[in-house]
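As you go down the protein sequences, you meet chains R and V in turn.
Taking this note's numbering, I'd label the letters of the first sequence as residues 1 to 363.
Taking this note's numbering, I'd label the letters of the second sequence as residues 1001 to 1363.
Below is one structure, written out as C-alpha cells, with a few remarks after it.
2 protein chains.
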Amino acid sequence: MDRRKFFASTGTAAVAATTLAAPAIAQSMPELTWRLTSSFPKSLDTIFGAAETFAKIVSEATDGKFHIQVFPANEIVPGLKAADAVTNGSVEVCHTASYYYVGKDPTFAFGTAIPFGLNARQTNAWFYFGGGNELLNEFYAGHKIYALPGGNTGTQMGGWFRKEIKTPEDLNGLKMRIGGFAGRVIAKLGAVPQQIAGGEIYTALEKGTIDAAEWVGPYDDEKLGFNKVAQYYYYPGWWEGGAALHFFINTDKWASLPKNYQAIVSAAAATANVEMCAKYDARNPGALKNLVAAGTQLKPFSQEVLAACHKAATELYDETSAANPTFKKFLDAQNAFKADEYLWFQVAEYGFDSYQIRHRSKG
Amino acid sequence: MDRRKFFASTGTAAVAATTLAAPAIAQSMPELTWRLTSSFPKSLDTIFGAAETFAKIVSEATDGKFHIQVFPANEIVPGLKAADAVTNGSVEVCHTASYYYVGKDPTFAFGTAIPFGLNARQTNAWFYFGGGNELLNEFYAGHKIYALPGGNTGTQMGGWFRKEIKTPEDLNGLKMRIGGFAGRVIAKLGAVPQQIAGGEIYTALEKGTIDAAEWVGPYDDEKLGFNKVAQYYYYPGWWEGGAALHFFINTDKWASLPKNYQAIVSAAAATANVEMCAKYDARNPGALKNLVAAGTQLKPFSQEVLAACHKAATELYDETSAANPTFKKFLDAQNAFKADEYLWFQVAEYGFDSYQIRHRSKG
C-alpha cells in the first residue's frame, strides 16, 4: 500500500498548493459517506457492535464529516457476500470473517483462524508484529481489499451435541452444522458437515435434521436457545482458538482517503478490535452460568478426539499446501510463529492462569 | 467527566455561533502542543513505544494540528512522578503504571494489576465492559486525572534469583528488588523488598546487594543482562498477571479538548493498548530462547510457594480494605469479576491452550 499512500498524499499536497487561500485543513476533512455491510445480524451485539463502534469513532473523530453507514447482513448483500461487495466496489467497506471466503482461495482462512492455530492474543501478535498484516494485505490486494483487524471472539466453544462424543468414532456419520475448513477436517473422520445459516440452526437441531451445531460461544449461543434442543456443550472449539474479524476496505477507496482519515480509520479499527474481544470476555461468563443452571452439560473434547482432529487437520493442510503455494507460504509462516508463541505462553501466561484456575476451583 | 464534557462542547458551539463566517471545522481542529512524560526510558521500545504510537496516531489523525511531544522518564520529571506532573498540570499527559502511586493511595494498584488478579484480556474486559474504567476514573478524578488504558505487558516473569526458591521458607531474608504491593506481600513471608531503579538492578545483583530482582519479561529483561548475574528465572509473576499501562490526562486539559480530539485521543490510546501487548507477545519468545540458550534455568514457582504468597496477599488485602473503604470497593468489584472470568477462561481458552501446549511439547 505504500506506493498508493504516496500518490494519495502527493495528490493532496498538489491540490493544497494551488488553493493557498483556502484553509489547508479543508483538503484533509472532506465530507464523505461510506456504506459498510456487516456479515452479521444486529442481534449479535458483540460482533455487529464492533462495526458500530468503528463507525462511531470515525464520525466523532471527524466531527461528523466522515460518516460510515452500517448495514446488517442481507440489507445490501448476504453476510457471506460482504467481501465481494467490497471487491466490486458496491460498498466501500465491510466487516466480516475472512474465512467465509475459503471457497475463493483457502488462504482466506488465515485472516480469521485455522484449526489448531493461534489464540486471540497470538493472532494480534502475528497481525501487528509478526508480519501477518503485511502478508494478508499482499494477498487481499489481489481481491482489491485492504484489511484492518477488527475484532476477535476469543476461543470459541466446540458446539452443541445431541449425543456424547467420547471417541473419534463418535464423529462418524454425525451431521454437524460447521463452516469452512473445520467442516473439511471432521469430514475426514466421517462426519457430514452442513452449511446452515444462524437463524435456521435451532429448527434443524430440534427436528434432528442435524445432530450437532457450532456457533460462537456462550453469550451468542444462549440467545439462539440451542440449549433447549441439545444437551451437551463441548469445548474447546479447536478450529477457532481466536477467531479474528476484519474491516475489508476497497483498495481504491482506501487510497482515495486523505492520510488523516486513514489514520483515524486505522485507529477506529484497532479500538473495535480490542473492545470486541473485551466485550465477549465480559459477557461470556454470565451466559455460561445461565446455560449450566438451565441444565446444559459442559464437556471437554477428550484428548483422543482432539488428537484425531488435529491429525486430520494436518492432512488437510498438507493437501491444500501441495495444491496452493500461497496457502503453503502462510501455513509455514504461521506454524513457525505459533511454535514460538506457545513456547512463551506455556511459561508465564499459562503458569498464572493454571494457578488461578486451580485456586478458584478449590475455593 | 460527563458534566465537564457538556460544558466543553457547549463552549465550542457558542464560539462557532458567533463566528459563522469562519469554517466550523476550524473550531474543532485547533493547533495544540501537549507534553507527555513517560515513566519509562527510551530503551524499553515496548512500553515507551506505546506512548510514541499514541502520539503518532494523534498527530496523523489531526494532520499535525495536535502534536504530543513524548519525553522519556527524567527529562521532565522522574518516572515515578509522572502522575504528579499531570495532577499539577506541569504536563498535560503521562504514560505510566498506576500502581507506582500506591504510596498516595493503595487503590491506584487496581489500574495496573494486583497480586493474583486478572490476566491481560480479563483486565481489558474489566476496564471496557466490567465497570473498571468508570470506577477508576471516579477515583482518579480526585487527583485531577482522566485515564485511558494504554498497554499491557501480559503476565510478567517472577524474576531473577541467585538461588533456588523451593519452599516459602526460602523467601525468608531474601533481599529482592520488587515494587509496590508485591513487595509488601513477600515481606509477610520474611523477604526484604527493595526499591531500585531499572538501571541499577544489574549492579546490585552482581554485587550481591540483592539476591533477586523482578523487572518485566524476557524481551525487556534480556536487554538488561540479568541472566549474566542470576541463574534462575522464575515464573509466573503472580503479582502481575496482566500489568496495564495508562495514559493519565489532566482533567482540565481533557475537558478543554474539542470532542473530535477526545475521540482521536481515545482511539489512539486503545490502539496503543492492543499493540503494546501484541508487541510483547511477538518479541518475548525470541528473547526467552536466547536466555535459555545462554544457560538461564527456567523454574516455575512451586504450588506451595504460590499458595503461601496468595495467602499473604489476601491478608494484606484484608488489612488494606479495613483501613480504606475505596480500596475495599475496588477489591470486591474486581474479585467478583475475576471469579466469573476464570469460570469462563478455564473452559474454552484454557482447554485450547492446554491442548496446544501439550501437543507442542510432544512434537
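Glycine included, each C-beta is placed from N, C-alpha and C at the ideal position.
| Asked | Found |
| --- | --- |
| Within-8 Å CB hit, Ile1186 of chain V to chain R | no |
| Beta-carbon proximity check, Phe1247 of chain V vs Ala1147 of chain V, cutoff 8 Å | yes |
| Chain-order list of residues whose beta-carbon lies under 6 Å from that of Ala1061 of chain V (same chain, five-residue window excluded) | Ile1264 |
| Chain R within 8 Å of Ile1264 of chain V, Cβ atoms only | yes |
| Within chain R, the residues that Gly1111 of chain V reaches when beta carbons sit closer than 8 Å | Ordered by position in chain R, no residue passes the 8 Å Cβ test against Gly1111 of chain V, which lies about 16 Å from the chain. |
| Partner residues on chain V for Asn227 of chain R, Cβ-Cβ distance less than 7 Å | Going along chain V, no residue has its Cβ under 7 Å from Asn227 of chain R, so there is no contact; the nearest lies around 15 Å. |
| Nearest-angstrom beta carbon gap, Ile1210 of chain V and Lys1175 of chain V [assumed within contact, 8 Å] | 5 Å |
| Rounded C-alpha distance that separates Trp1126 of chain V from Pro325 of chain R | 43 Å |
| Pro218 of chain R beta carbon near the ligand GDP (any heavy atom closer than 7 Å) | The ligand GDP is not part of the structure shown, which contains no ligands of any sort. |
| Identified DSSP bridge partners for Leu1148 of chain V | V:Phe1247 |
| Test: Gln1122 of chain V CB closer than 8 Å to a CB of chain R | yes |
| is_contact[Asn119 of chain R, chain V] using C-beta, thresh 8 Å | yes |
| From V:Lys1338, V:Pro1285, V:Phe1301 and V:Ala1313, residue whose alpha carbon lies closest to that of Trp344 of chain R | V:Pro1285 |
| Cross-strand partners of Leu32 of chain R (DSSP beta bridge) | R:Phe66 |
| Neighbour flag for Val302 of chain R against chain V, beta carbons, 8 Å | This sequence places Ser at residue 302 of chain R; Val is not what is there. No, because no Cβ of chain V sits closer than 8 Å to the Cβ of Ser302 of chain R. |
| Met157 of chain R - DSSP class collapsed to helix/strand/coil | coil |
| Interfacial residues, the segment 328-362 of chain R to chain V, with Cβ spacing under 7 Å | Ala339, Asp340, Glu341, Tyr342, Leu343, Trp344, Phe345, Gln346, Val347, Ala348, Glu349, Tyr350, Gly351, Phe352, Asp353, Tyr355, Gln356, Ile357, His359 and Arg360 |
| Residue from V:Asn1172, V:Met1157 and V:Tyr1232 whose Cα sits closest to the Cα of Trp1215 of chain V | V:Met1157 |
| Reduced DSSP secondary structure (H/G/I, E/B, other) of His1038 of chain V | According to the sequence provided, residue 1038 of chain V is Ser. The question's His does not apply to it. Ser1038 of chain V falls in the strand class under three-state DSSP. |
| Meets three-Cβ-pair contact criterion under 8 Å: the segment 38-58 of chain R and the segment 71-87 of chain R | yes |
| Cβ pair Thr1053 of chain V, Glu1315 of chain V closer than 8 Å | no |
| Boundaries of the beta strand (DSSP E) in which Val93 of chain R is found, first to last residue | Val93 to Thr96 |
| Contact set between the segment 48-73 of chain R and chain V, restricted to residues whose Cβ is under 7 Å from the partner | Ile57, Glu60, Ala61, Thr62 and Asp63 |
| Coarse secondary structure for Pro78 of chain R, derived from DSSP in three states | coil |
| Burial state of Glu319 of chain R (16 or more Cβ within 10 Å) | exposed |
| Cross-chain neighbours of Leu306 of chain R in chain V, by beta carbon under 7 Å | Tyr1355 |
| Alpha carbon of Pro168 of chain R to alpha carbon of Tyr219 of chain R, nearest angstrom | 28 Å |
| 8 Å Cβ cutoff, Val1317 of chain V in contact with chain R | In the sequence as presented, Val is not what sits at residue 1317 of chain V; that position holds Tyr. Answer no: the Cβ-Cβ gap between Tyr1317 of chain V and chain R never drops below 8 Å. |
| Proximity test, Cβ basis, 8 Å: Ser90 of chain R and chain V | no |
| Anticipated Cβ contact below 8 Å, Ala270 of chain R with Ala1270 of chain V, distance rounded | 6 Å |
| DSSP-derived helix/strand/coil call for Tyr355 of chain R | helix |
| Minimum Cβ-Cβ distance from Tyr1099 of chain V to chain C less than 8 Å | Of the protein chains in the structure, R and V, none is chain C. |
| is_contact[Pro1285 of chain V, chain R] using C-beta, thresh 8 Å | yes |
| Lys373 of chain R to Thr112 of chain R span [Cα, whole Å] | This structure does not reach residue 373 of chain R, given that chain R is present from 1 up to 363, and the question cannot be answered. |
| Assigned exposure category for Thr37 of chain R - 16 Cβ within 10 Å defines buried | buried |
| Beta carbon proximity, Ala1268 of chain V to chain R, threshold 8 Å | yes |
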